[in-house]
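Counting in this note's numbering, the sequence shown runs from 133 upward without gaps.
Single-structure report; data block below.
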Amino acid sequence: MTDPNGRKHRTATRVVEAGRRRQWTSVPDLAGGVVNPPVWRASTHLYENCAALKEAAATSNEDGRFFYGRRGAPTQWALADALTGLEEGAFGTMLYPSGVAAITGAYLAVCRPGERLLIADNAYDPSRSIGTGLMASYGVKAEFFDPLDVEGFRGLCAREGRIGAVLLEAPGSLTLEICDVPALAAIARDAGAWVLIDNTWAGPTGFSALAHGCDGVITALTKHVGGHSDLMMGSVSGTERLYHRLRRTAQQLGHVVSPDDAALALRGLRTLDLRLRQESASALTVARWLRGRPEVAAVLCPMLDGAPGHDLWKRDFTGGCGLFTFVLKGRDAAARGRLIDALRLFGIGYSWGGFESLALPVDPGSCRSVRSWPPRDGWGGPDGGGLDGSDRFAVRLSIGLEDPADLIADLDHGFAAMENGG
133 MTDPNGRKHR
143 TATRVVEAGR
153 RRQWTSVPDL
163 AGGVVNPPVW
173 RASTHLYENC
183 AALKEAAATS
193 NEDGRFFYGR
203 RGAPTQWALA
213 DALTGLEEGA
223 FGTMLYPSGV
233 AAITGAYLAV
243 CRPGERLLIA
253 DNAYDPSRSI
263 GTGLMASYGV
273 KAEFFDPLDV
283 EGFRGLCARE
293 GRIGAVLLEA
303 PGSLTLEICD
313 VPALAAIARD
323 AGAWVLIDNT
333 WAGPTGFSAL
343 AHGCDGVITA
353 LTKHVGGHSD
363 LMMGSVSGTE
373 RLYHRLRRTA
383 QQLGHVVSPD
393 DAALALRGLR
403 TLDLRLRQES
413 ASALTVARWL
423 RGRPEVAAVL
433 CPMLDGAPGH
443 DLWKRDFTGG
453 CGLFTFVLKG
463 RDAAARGRLI
473 DALRLFGIGY
483 SWGGFESLAL
493 PVDPGSCRSV
503 RSWPPRDGWG
513 GPDGGGLDGS
523 DRFAVRLSIG
533 LEDPADLIAD
543 LDHGFAAMEN
553 GG
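Next comes the structure, spelled out in structure tokens:
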């Protein structure tokens, strides 16, 4: 997507234009067209004659060609095309009925029995459990590594045993660590591994993962792309070498998304840049306020100056979102519960990236295998001072589109309830 002078369009323009090819927004022999690709609901695709049916069968695995509803129709094709266009360096995108299905589909596409699957220790819990559960049943050995220890990762890759894939998550969706993606990706590729990354936090508008050395980019479209907490979907965008594997595996597993959900995702995509900018600005306002609270031991928000991972975020990222975590200072789970229960503008629930703000109690130690929680290496605390053993109860916030002043007032009320016993 370029302007008349050949310059690449800016992000806000690209999310508006992506996936709106004329063949998906107009009808042959009719003048004009429509703005959005219509919803094509179809299981059966019809042909003029037997010769056309035979030709379709011979070319059925080509993108953008009718064959059968499981292979998609213009609504799904438009969404996949839009996501591919936004992901710098991507050859194609596969759609999945959820983010977890996208993770599973990516693992199955690249890992073979007897291989190792290396998973960042800060990864989304289902990414971990799929590795130790489903993939283990297929003879793949899941191993976890500290994403902040580059040399330790190099040593892990040098151990005996072929590595099928490495999964990164930047930042981690609970404790928001930013890893050195280019360094880890280079080590993994030198070891012959496929490099996958869960890039849901920043998305293609905030981090160009393929340009930083990854082969495949996993995104939970449920979050920011949907943006309205009313659809479930995932995607994997990849290089040409990876894409054909993803496509073949997805077809054999019968993965397909409904055209209605694809249309919702396309609608959400058009306001993605605008919403992320607002969420990020509001999140920084709230994070700065939380940093000054005596009840808070640490604010884990890589966009925040001086926070863990901020330097890597500045180096590699061009944007962020409204998701971050704060750690209570010396409080227990009951105190945390009083704080969250007193909130009125923050819903209590899983997921994130919608228009509404959410709060969730998180206990990172329950899903860590390598890094301790609280960390003992000075990470996370103010000025690198680290967290002490009593600073372990955390709250994850997903900042939505409300006025940040109102969110701050709500949190202030929550802290008062926490200290006053409810």
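Beta carbons are placed, not taken as given, at the ideal position from N, Cα and C, and that holds for glycine.
Please list, in chain order, all residues of the same chain as residue i whose beta carbon is under 7 Å from its beta carbon, the five residues on each side excluded.
| i | result |
| --- | --- |
| Ala589 | What is shown of the chain runs 133 to 554, which leaves residue 589 out entirely. |
| Gln208 | Leu227, Val389, Pro391, Ala394 |
| Gly566 | Residue 566 falls outside the range modelled here, since the chain spans only 133 to 554, and no answer is possible. |
| Asp515 | Confidence at Asp515 is low in this model, with a pLDDT of 48, below 50, so the placement of that residue should be treated as unreliable; the coordinate-derived value is given next. Excluding sequence neighbours, Asp515 sits near nothing in its chain. |
| Ser530 | Gly454, Leu455, Trp484, Gly485, Ser489, Leu490 |
| Phe547 | Arg425, Glu427, Leu471 |
| Val171 | Thr207, Pro391, Asp392, Ala395 |
Residue i: buried (16+ other C-beta within 10 angstroms of its C-beta) or exposed?
| i | result |
| --- | --- |
| Val166 | exposed |
| Ala491 | buried |
| Gly246 | exposed |
| Glu283 | exposed |
| Ile480 | exposed |
| Ala537 | exposed |
| Thr176 | exposed |
| Tyr256 | buried |
| Val418 | buried |
| Thr457 | buried |
| Leu432 | buried |
| Pro631 | Here the chain has residues from 133 to 554 only, and residue 631 is not among them. |
| Pro506 | buried |
| Tyr482 | exposed |
| Arg528 | buried |
| Pro336 | buried |
| Cys182 | exposed |
| Glu372 | exposed |
| Glu219 | buried |
| Glu187 | exposed |
| Leu378 | buried |
For residue i, write down the residues that DSSP places opposite it in a beta bridge.
| i | result |
| --- | --- |
| Thr457 | Leu432, Arg528 |
| Asp330 | Glu301, Ile350 |
| Phe277 | Ala252 |
| Ile480 | Ala491 |
| Thr225 | Ser369 |
| Lys355 | None; Lys355 has no bridge partner. |
| Thr403 | In DSSP, Thr403 forms no bridge with anything. |
| Lys140 | Thr134 |
| Ile295 | Arg248 |
Leaving out five residues before and five after residue i in sequence, what residues of the same chain have Cβ atoms less than 6 Å from its Cβ?
| i | result |
| --- | --- |
| Ala233 | Gly366 |
| Leu240 | Thr381 |
| Ala574 | Residue 574 cannot be examined here, being either before or after the span of the chain that is shown, 133 to 554. |
| Thr332 | Thr351, Ala352, Lys355 |
| Ala341 | Ile329, Asn331, Val349 |
| Met550 | Ala467, Arg470, Leu471 |
| Pro169 | Trp156, Thr157, Pro206, Thr207, Ala210 |
| Trp445 | Ile310, Pro434 |
| Phe276 | Ile251, Asp253, Ser501, Val502 |
| Lys140 | Thr134 |
| Thr225 | Ala212, Leu215, Thr216, Ser367, Ser369 |
| Ala320 | Val298, Val327 |
| Gly221 | Leu342, Ala343 |
| Gly231 | Ala352, Thr354, Gly366 |
| Cys346 | Ala317, Val327, Ile329 |
| His442 | Pro434 |
Measure the beta-carbon distance from residue i to residue j and round it to whole angstroms, keeping in mind my assumption that it falls under 8 Å.
| i | j | result |
| --- | --- | --- |
| Ala297 | Trp326 | 4 Å |
| Pro229 | His387 | 7 Å |
| Ala214 | Ala150 | 4 Å |
| Ala439 | Asp523 | The Cβ separation is near 15 Å, so there is no contact. |
| Gly237 | Leu385 | 7 Å |
| Arg248 | Ile295 | 5 Å |
Give me, in chain order, the residues of the same chain whose beta-carbon lies closer than 8 Å to that of residue i; leave out the 5 immediate sequence neighbours on both sides.
| i | result |
| --- | --- |
| Phe525 | Val459, Leu460, Arg463, Asp464, Ala465, Ala467, Arg468, Pro493, Asp495 |
| Ala189 | Phe199 |
| Val148 | Arg402 |
| Gly338 | Leu408, Phe449, Thr450, Gly451, Gly452, Cys453 |
| Ile540 | Thr417, Val418, Trp421 |
| Cys499 | Asp257, Arg260, Leu306 |
Does the CB of residue i have a neighbour CB from chain D at under 8 Å?
| i | result |
| --- | --- |
| Met435 | Chain labels in this structure do not include chain D; a single protein chain is all it has. |
Can at least three beta-carbon pairs, one atom from the region 298-315 and one from the region 184-198, be found at a separation below 8 Å?
Cβ pair count under 8 Å is below three, so no.
Would you check if the region 257-274 and the region 282-291 touch, i.e. whether three or more CB-CB distances between them fall below 8 Å?
Between the region 282-291 and the region 257-274 there are fewer than three inter-stretch CB-CB distances shorter than 8 Å, so the stretches are not counted as touching.
contact_flag[the region 396-413, the region 448-465] where n(CB pairs < 8 Å) is 3 or more
The region 396-413 vs the region 448-465: in contact.
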